[in-house]
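First comes the structure, then the notes that go with it.
Residue numbers (the working numbering): 21 to 176.
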């Protein structure tokens, strides 16, 4: 390998590394709510839909994406109606006292609220006793979310 080839390789590696460690790109992905899925679509379309970055809204430090301007407008008008309960965390796991990132494809709407789960068994377990699961998840959420905040602070 001659000097020119070596220089080209170094420049290429440098560019790749700078992109890989671009904190603005990674920071946005870390703040992305429900993996970029549109929270309104669960209610209006009865299915999960990937949101479009051009229809994005920040609320309490989280970035929500929407499939359309209509969904974005609905969310802005009444975010509490569409917010997933327990943020990005599996309701079933929270009910047992630990956190698992939810998969937006595993979900249920119960009493007008969106719940997401870590795996396909979650909605079935929820259906067996939704009152107990929600009660336990709600009770555990403050303690678990405090551990999440501590872990994030250590990353910084």
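Note that beta-carbon positions come from the ideal geometry of N, C-alpha and C, so glycine has one too.
All values derive from a computational prediction rather than experimental measurement.
### Message
Could you check whether residue 107 and residue 1 sit closer than 9 Å to each other, using their CB atoms as the reference points?
### Response
A question about residue 1 goes unanswered here, because the residues of the chain that appear run from 21 up to 176.
### Query
Between which two residues does the beta strand (DSSP E) containing residue 186 stretch?
Because residue 186 is not part of the residues shown, which for the chain are 21 to 176, the question remains open.
### Query
Since residue 136 contacts residue 152 with CB under 8 Å, what's their CB separation in whole angstroms?
If you number the chain shown from 1, residue 136 lands on position 116. If you number the chain shown from 1, residue 152 lands on position 132. Contact between residue 136 and residue 152 is ruled out by a C-beta separation of about 18 Å, above the 8 Å threshold.
### Message
For chain B, check one thing: does any of its Cβ atoms lie closer than 9 Å to the Cβ of residue 108?
### Response
This model lacks chain B altogether; it includes just one protein chain.
### Message
Using a Cβ-Cβ cutoff of less than 7 Å, which residues in the same chain neighbour residue 157 once the five nearest sequence positions on both sides are dropped?
### Response
Within the chain shown, numbered from 1, the residue matching residue 157 stands at position 137. 106, 111, 114, 115.
### Query
DSSP state of residue 103, grouped into three classes?
What you label residue 103 is simply residue 83 of the chain shown in a count that begins at 1. It is coil, neither helix nor strand.
### Task
Specify the secondary structure class of residue 98 as computed by DSSP and reduced to three states.
As a working mapping, residue 98 is identified with position 78 in the chain shown. Coil.
#### Entry: For residue 150, three-class secondary structure by DSSP
Taking the chain shown and counting its residues from 1, the one referred to as residue 150 is at position 130. Residue 150: helix per DSSP, three-state reduction.
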